[in-house]
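Notes for the one structure printed next.
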DNA sequence: CGCCGACTTGAGAAATATCAATCTTCGTGG
DNA sequence: CCACGAAGATTGATATTTCTCAAGTCGGCG
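Residue numbers (the UniProt record's numbering), protein chains in the order written: chain A, 1 to 246; chain B, 1 to 246.
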């Protein structure tokens, strides 16, 4: 059975972990595997499933008609996606595998029923939706106001926080990160060349380095100082969304 | 009583309009007025209300510790906001009045009850949440990939579309728009100086002009051609979110 | 009248993109 | 085990976009 640790979810405190475990019961027996670069959910299709990422990284990406591309969300193990499709029509953007991944599928119909009868399930799903909005808000702030340096510092720290418990610490100072610099550019709204140059500067300044798909944070304080302006207040206050009592 | 037309919501087809009317019954008797620049919802506070914007423009804005600011959402008449606070803990960002506004307040408690018993209410609220995410996705694409010109063209067209029915056409070629160039910059992630220069170019090229808080679109086709790469597929397909049957 | 906020414009600086070569790594077939 | 090829990373030179700073200008309003 999956648990919060295996799912790498620092935020999943007890009630969320409970909901997460209960999702197992709704999960189709055999997880599906996709190779890096594969398309997990096609653009604009309707489909009867909600997904939970079991291993690997995935991302929602929008392809512009002229060839540009922009990632709209990065999913790490434990994240639910296409969750809103359980409640509304399909999303217009594809979800692709950023590394080799395995995903679990949940039938929309059964999830909807469980959502209405089981508060823990409802909390787990609601948390995902709210968390996703929080990330989008931060993303807008990052793209709108952050310099390349700030954006990169911020995103590397965010991944670190989200992966934290996987390494048994509250923050991973070293973690696997499958994105190419090109993909990182499409996450951050920068060209891969510029991502590369900024990463070099950060490496030369001893803040952080990426080698072999592994991020190593050498000076967490300095990196946080850099990303500080983009840091969202929710994290500072350690606030957690709580289900309002109906 | 409010109706879809007065609320300026092109998207509110019958079932949404029905939910909208039903919200009237949940609305506190006296709408509140705020002057331009006023704070409707303070940053980080808990409050027992959901709001519906009746007249004027408002925006959710994040202030960075170093003085920068970034808007996360622009609300037009008819929009519900702080809606998620009915289901989860408070949002960390303030909502401010971009013009003189009047807002209606809805008690969270009563809205939650109505949400669970009335499908039209549920649809109306769900639509708002999904719509907000759609806008955020487009915003990320715009900030991440759009040039200043594209972003400005795109946002002016978006406002036009959202206000459309107010002028009795499907698209307003002329509409009031209370944002200063400074605020527009904080929406688009640009400085007001640059916003100004780009607007001048667009004006000189005969695409669009802003005078006296009024946007006049002189060449809709050319403006759309400019914004085309940022246009979201949902609009092209005229897809509308539909409540899945539980 | 005179001030204040918003808009406008200019000059120059900084950030980021573009184009074009390498260089490295790594898997794969011979 | 090696050669090769492809994809990603790195770097340089240059162009473009956007910002910064500074100085007006314009229009409404007390």
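Positions of the beta carbon are idealized from the N, C-alpha and C atoms, including for glycine.
Ignore the nearest five residues each way along the sequence and tell me which others in residue i's own chain have a CB closer than 6 angstroms to its CB.
i	result
residue 162 of chain B	76
residue 138 of chain A	232
residue 74 of chain B	59
residue 128 of chain A	80, 83
residue 184 of chain B	195
residue 14 of chain B	none
residue 209 of chain A	203, 216
residue 173 of chain B	217
residue 182 of chain A	192
residue 117 of chain B	none
residue 197 of chain A	none
Taking the CB atoms as reference points, tell me whether residue i and residue j lie closer together than 8 angstroms.
i	j	result
residue 154 of chain B	residue 146 of chain B	yes
residue 121 of chain B	residue 19 of chain B	yes
residue 70 of chain A	residue 140 of chain B	yes
residue 160 of chain B	residue 230 of chain B	no
residue 37 of chain B	residue 101 of chain B	no
residue 105 of chain B	residue 227 of chain B	no
residue 48 of chain B	residue 92 of chain B	no
residue 52 of chain B	residue 23 of chain B	yes
residue 177 of chain B	residue 151 of chain B	no
residue 188 of chain B	residue 123 of chain B	no
residue 89 of chain A	residue 34 of chain A	no
residue 190 of chain B	residue 148 of chain B	yes
residue 31 of chain A	residue 54 of chain A	yes
residue 136 of chain B	residue 199 of chain A	no
Buried or exposed for residue i, please, with buried defined as at least 16 other CB atoms from any protein chain shown within 10 angstroms of its CB.
i	result
residue 132 of chain B	buried
residue 245 of chain B	Caution is warranted here: a pLDDT of 34 is assigned to residue 245 of chain B, below 50, making its placement in the model unreliable, and no coordinate value can be reported.
residue 237 of chain A	Bear in mind that a pLDDT of 46 at residue 237 of chain A, under 50, signals an unreliable position, so the model cannot answer this.
Closer than 8 angstroms by C-beta to residue i: which residues in its own chain qualify, once you throw out the five before and the five after it? Chain order, please.
i	result
residue 42 of chain A	94
residue 180 of chain A	192
residue 207 of chain A	153, 217, 218, 219, 222, 223, 226
residue 39 of chain B	94, 95, 96, 97
Can you pull the DSSP bridge partners for residue i?
i	result
residue 96 of chain B	B:39, B:59
residue 181 of chain B	According to DSSP, residue 181 of chain B bridges with nothing at all.
residue 34 of chain A	A:101
residue 159 of chain B	For residue 159 of chain B, which the question treats as bridged, DSSP gives no partner whatsoever.
residue 126 of chain B	DSSP output for residue 126 of chain B lists no bridge partner at all.
residue 85 of chain A	The partner list for residue 85 of chain A (beta bridge, DSSP) is empty, contrary to what the question assumes.
residue 210 of chain B	B:215
residue 74 of chain A	A:59
residue 48 of chain A	BP columns for residue 48 of chain A are empty, so no partner.
residue 53 of chain B	B:103
residue 69 of chain A	A:63
residue 80 of chain A	A:52
residue 174 of chain A	A:216
residue 191 of chain A	None, per the DSSP bridge assignment.
residue 27 of chain A	A:106
Who are the Cβ neighbours of residue i in its own chain at under 7 angstroms, not counting the five residues just before and after it?
i	result
residue 50 of chain B	80, 82, 83, 85, 86, 106, 108, 111
residue 65 of chain B	none
residue 99 of chain B	36, 56, 57, 178
residue 157 of chain B	223, 224, 227
Measuring only from the beta carbon, is residue i closer than 7 angstroms to any heavy atom that is part of the ligand COA?
i	result
residue 25 of chain A	With respect to the ligand COA, the structure shown offers nothing to examine, as it has no ligands at all.
*Three or more C-beta pairs below 8 angstroms linking the stretch 60–76 of chain A and the stretch 108–124 of chain A*: no
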